[in-house]
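Enquirer: In my numbering, the protein residues as written are 1304 to 1876. All C-beta atoms in this analysis are idealised placements derived from N, C-alpha and C, irrespective of residue type, glycine included.
Here's what the structure looks like:
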């Protein structure tokens, strides 16, 4: 018990910030402060928009950006990561709000944070790197479509229809718009989205999202556009931390959503941190510390009314491009947003919902990397299938099922590809010191097969069929030195093949079994079967010599054909 407690303390200590993290913030504070200011300008409309889209309101988005932004920056594993509410997380939260209400979302956030901390302590961060690129690309494409569709009601200026499926809600919103058009809202949303998309191509460094939202707000106020519904009243400052939303009786029903939120937070945060590493030289994130920081952020953000958060790829990319070099930039971004919450809440409350919808529509469009999708589709047919299936599942089902489906299909296709690499080829016998007449007789009664690659469950059935089809020979030699890996299924199939051939009077000899595969063969009894009958040899020449002796003892070889010497050498193994 004491040793386990010491291990836990050591793990927590390893996940905490170090002096090096603090020292990095003192190297170039001016650049970090400017980068943080730029990111805050970009993040403000996104935080408001994602808060509204989540169903908990703009104030929830701001609280998340501030609280989660600070904690993830302090305790996370990346010097450049910027965290807060994201579109992908919003997609997951909408059905949770519909099923369990706002308090359910807050509870799920705390539970997801605890799960993330546990994953960090268990060193699970490293395993996220095994998610295939087509799954990530399809996931991103599907999320972009869902985010765009979620904005349709606000962009059209109609009340959000009932429904927990985004396609159904979008269809109903379009029908409501046709019955009672709101051209003011549609015009504002389209104008904001157009300014962002065109402006980003013209001047990428200019924060067109904030400029477009400010302009749309001023136009709506000056022209008295009542159809442009604003965000509404916002509290001045963050609420006092509270756990009053926590209902112990509901924890069981919220476990599955919490696991989904934790999985998404881990995936998106580590992906974002990897993107930041790729944009810089000399920066490398710690995946376990990143999970720990995101876990703390998600535990504490709901206490202030915030929604679950993740690392934000777009905001992190802006942070890197504007010269950030330490955590000070992300902390500055959170501090500026906090100042806005305390000082400018009345002004922010006047922003039209349609303008925020335009921001998120443009964000959804910019999430789709056409070049990357084309490259992935052209790579292999398997990659294209995985990408499309993941994207469709994200749109039609939900994000968790989408990732599960994508990973399952990717795993099956990968196993299929690996199984195809396994080869089972008949190889000629080495002449060695045999005469031409003796070699001809040996070749007539002995057949040798070489197995190349993995002998595991995906390839074992084909191996069994091919091996048991052997006929008209007295001895089969299996050359196993090139078997790269073997599982229990492969070992069982090998044992089954030996027994079937033996029942037909065919002797099976094995050569070149690797040390790492002996344990597997021994565990299923295959090695004992070969050893019991003296059929296992270190090299192929030894196996051929044993086959020669067997044929001579069986009277197959004429008496005058006597082996002169025994061939050795690792080349024939």
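(1) I need the DSSP call for residue 1582, collapsed to helix, strand or coil.
(2) Return yes when at least one heavy atom of the ligand ADP lies under 7 angstroms from the C-beta of residue 1340, else no.
(3) According to DSSP, is residue 1548 part of a helix, a strand, or is it coil?
(4) Can you tell which of 1838, 1829, 1722 has its C-alpha closest to the C-alpha of residue 1778?
(5) Among the residues of its own chain, which have a CB less than 6 angstroms from the CB of residue 1758, if the five just before and after it don't count?
(6) For residue 1676, which residues from the same chain have a beta carbon less than 8 angstroms from its beta carbon, with the 5 sequence-adjacent residues on both sides left out?
(7) Residue 1460: which of 1470, 1493, 1442 sits nearest, CA to CA?
(8) Please classify residue 1831 as buried or exposed, where buried requires at least 16 neighbouring CB atoms within 10 angstroms.
(9) Within its chain, find whatever has a CB closer than 7 angstroms to the CB of residue 1655; leave out the 5 residues flanking it on each side and keep chain order.
(10) Which runs of the alpha helix (DSSP H), 4 residues or longer, sit entirely within the region 1679–1714?
(11) Since I believe residue 1630 is in contact with residue 1382 (beta carbons under 8 angstroms), could you give me their beta-carbon distance rounded to a whole number of angstroms?
(12) Could you give the first and the last residue of the continuous alpha helix (DSSP H) run that contains residue 1643?
(13) Kindly list the residues whose CB is nearer than 6 angstroms to the CB of residue 1592, restricted to its own chain and excluding five residues on each side of it in sequence; keep chain order.
(14) According to DSSP, is residue 1808 part of a helix, a strand, or is it coil?
(15) Let's test the definition: count the other Cβ atoms within 10 Å of the Cβ of residue 1865 and tell me whether it reaches 16, buried, or not, exposed.
(16) Exposed or buried, what is residue 1509 when buried is set at 16 or more other beta-carbons lying within 10 Å of its beta-carbon?
(17) Return the chain-ordered list of same chain residues with a C-beta closer than 7 angstroms to the C-beta of residue 1645, the five sequence neighbours on each side being excluded.
(18) How many whole angstroms separate the CB atoms of residue 1576 and residue 1588, which I take to be in contact at a CB cut-off of 8 angstroms?
(19) What first and last residue would you give for the beta strand (DSSP E) that runs through residue 1754?
(20) On the three-pair Cβ rule with 8 angstroms, is the region 1717–1730 touching the region 1748–1758?
(21) From 1368, 1364, 1375, 1371, pick the residue whose C-alpha is nearest to that of residue 1320; which is it?
(22) I'd like to check one pair, residue 1583 with residue 1336: are the Cβ atoms closer than 8 angstroms?
(23) In three-state DSSP terms, what is residue 1384?
(24) Taking 8 angstroms as the cut-off, does the region 1408–1427 touch the region 1693–1705 (at least 3 CB pairs, one atom from each stretch)?
(25) Grouping DSSP H, G and I as helix and E and B as strand, with all else coil, what is residue 1672?
(26) What are the start and end residues of each continuous alpha helix (DSSP H) run of 4 or more residues lying completely inside the region 1555–1612, in chain order?
(27) Could you tell me the boundaries of the beta strand (DSSP E) in which residue 1778 lies?
(28) In the DSSP assignment, what are the bridge partners of residue 1877?
(29) If you reduce the DSSP assignment to three classes, tell me which class residue 1787 lands in.
(30) Rounded to whole angstroms, what is the Cα-Cα separation between residue 1314 and residue 1308?
(31) Three Cβ pairs or more, each shorter than 8 angstroms: is that satisfied between the region 1814–1824 and the region 1839–1851?
(32) Can you have a look at residue 1504 and say buried or exposed, based on whether 16 or more other CB atoms are within 10 angstroms of its CB?
(33) Counting along the chain, where does the beta strand (DSSP E) carrying residue 1726 start and finish?
(34) Could you check where the alpha helix (DSSP H) with residue 1818 kicks off and where it finishes?
(35) Which runs of the alpha helix (DSSP H) at least 4 residues long sit entirely within the region 1418–1465? Give them in chain order.
(36) Hey, would you say residue 1596 sits closer than 8 angstroms to residue 1334, going by beta carbons?
Expert: Reading from the atomic positions:
(1) coil
(2) As for the ligand ADP, it is missing from this structure, which has no ligand bound.
(3) coil
(4) 1838
(5) 1786, 1789, 1793
(6) 1440, 1444, 1690
(7) 1493
(8) exposed
(9) 1491, 1519, 1520, 1523, 1531, 1532, 1533
(10) 1684–1699
(11) 6 angstroms
(12) 1631–1646
(13) 1318, 1380
(14) coil
(15) In this prediction, residue 1865 has a pLDDT of 48, which is less than 50 and means its spatial position is unreliable; what the coordinates show is noted afterwards. Label assigned to residue 1865: exposed.
(16) exposed
(17) 1539, 1540
(18) 4 angstroms
(19) 1749–1758
(20) yes
(21) 1375
(22) no
(23) coil
(24) no
(25) coil
(26) 1558–1581, 1590–1603
(27) 1778–1782
(28) No information on residue 1877 is available, as it lies outside the stretch 1304 to 1876 that the chain covers here.
(29) strand
(30) 10 angstroms
(31) yes
(32) exposed
(33) 1726–1730
(34) 1818–1826
(35) 1436–1453, 1455–1459
(36) no
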